[in-house]
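Numbering (the working numbering), first residue to last: 9 to 118.
C-beta: ideal position from N, C-alpha, C; glycine also.
Here is the structure we will look at, set down as structure tokens.
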């Protein structure tokens with residue numbers, strides 16, 4: 009799995025990130041899982057063509073000592089479709105910008 013990982017989080021950093029993620033993202037089906045939803049302007053051509061598969065998101069997982077951003081663009085309605093692919097360069101940049109903003113706002117040094 010392609011992913012960005014921020015590790016060696018202190019308990020306080022983890023709590024700060026959890027608070028930020030709860031305020032900023034949709035919570036997933038399990039504790040510590042969040043969905044980073046992609047806006048229409050970030051979708052690939054194929055994802056635009058597959059309206060029925062949207063909305064699209066990337067999974068974010070927070071555990072005790074690390075935060076993981078998966079780079080697989082997922083569909084909320086379909087598990088197996090050609091529109092479910094790894095993030096495009098534009099989508100990866102969106103994730104990096106989100107991470108940078110989050111770390112700066114929460115003053116995370118990990």
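Check your understanding: Taking only runs of the beta strand (DSSP E) that begin and end inside the region 39–117, which ones reach a length of at least 3 residues, in chain order?
Key -> 41–45, 64–70, 75–78
Exercise for review: Return the chain-ordered list of same chain residues with a C-beta closer than 8 Å to the C-beta of residue 57, the five sequence neighbours on each side being excluded.
Suggested key: For the purposes of this step, residue 57 is taken as residue 49 along the chain shown, with counting starting at 1. So the qualifying residues of the chain are 91.
Review point. Could you give the residue range of the alpha helix (DSSP H) that holds residue 22?
Key: Along the chain shown, one-based indexing puts residue 22 at 14. Note, residue 22: alpha helix (DSSP H), 19–32.
**Study point:** Distance CB(residue 81)-CB(residue 111) smaller than 8 Å
**Key:** Counting from 1 along the chain shown, the entry for residue 81 is found at position 73. Counting from 1 along the chain shown, the entry for residue 111 is found at position 103. Result no, Cβ atoms of residue 81 and residue 111 do not sit closer than 8 Å.
Review point. Leaving out five residues before and five after residue 73 in sequence, what residues of the same chain have Cβ atoms less than 8 Å from its Cβ?
Key: The residue you call residue 73 lines up with position 65 of the chain shown. Within the same chain, residue 73 has close Cβ partners 15, 16, 17, 22.
Review point. With burial defined as no fewer than 16 other Cβ atoms inside 10 Å of the residue's Cβ, what is the status of residue 94: buried or exposed?
Key: Here residue 94 refers to the residue found at position 86 when the chain shown is read from its first residue. Looking at its Cβ environment, which holds fewer than 16 other Cβ atoms inside 10 Å, residue 94 is exposed.
Exercise for review: Would you tell me roughly how many angstroms separate the C-alpha atoms of residue 68 and residue 53, rounded to the nearest one?
Suggested key: By one-based count along the chain shown, residue 68 stands at place 60. By one-based count along the chain shown, residue 53 stands at place 45. Roughly 24 Å separates the two Cα atoms.
**Study point:** Other residues of its chain near residue 96: CB distance less than 7 Å, five sequence neighbours each side excluded
**Key:** Within the chain shown, residue 96 is the residue found at index 88, counting from 1. Once the five neighbours on either side are set aside, the close Cβ partners of residue 96 are 52.
Review point. Excluding the five sequence neighbours on either side, which residues of its own chain have a C-beta within less than 8 Å of the C-beta of residue 11, listed in chain order?
Key: Along the chain shown, read from residue 1 onward, the residue named residue 11 stands at position 3. Answer for residue 11: 76, 77, 78, 79, listed in chain order.
Practice item. Using the Cα positions of residue 86 and residue 36, report the straight-line distance between them to the nearest angstrom. Key: The residue labelled residue 86 in the question sits at position 78 within the chain shown. The residue labelled residue 36 in the question sits at position 28 within the chain shown. Taking the straight line from one Cα to the other gives about 16 Å.
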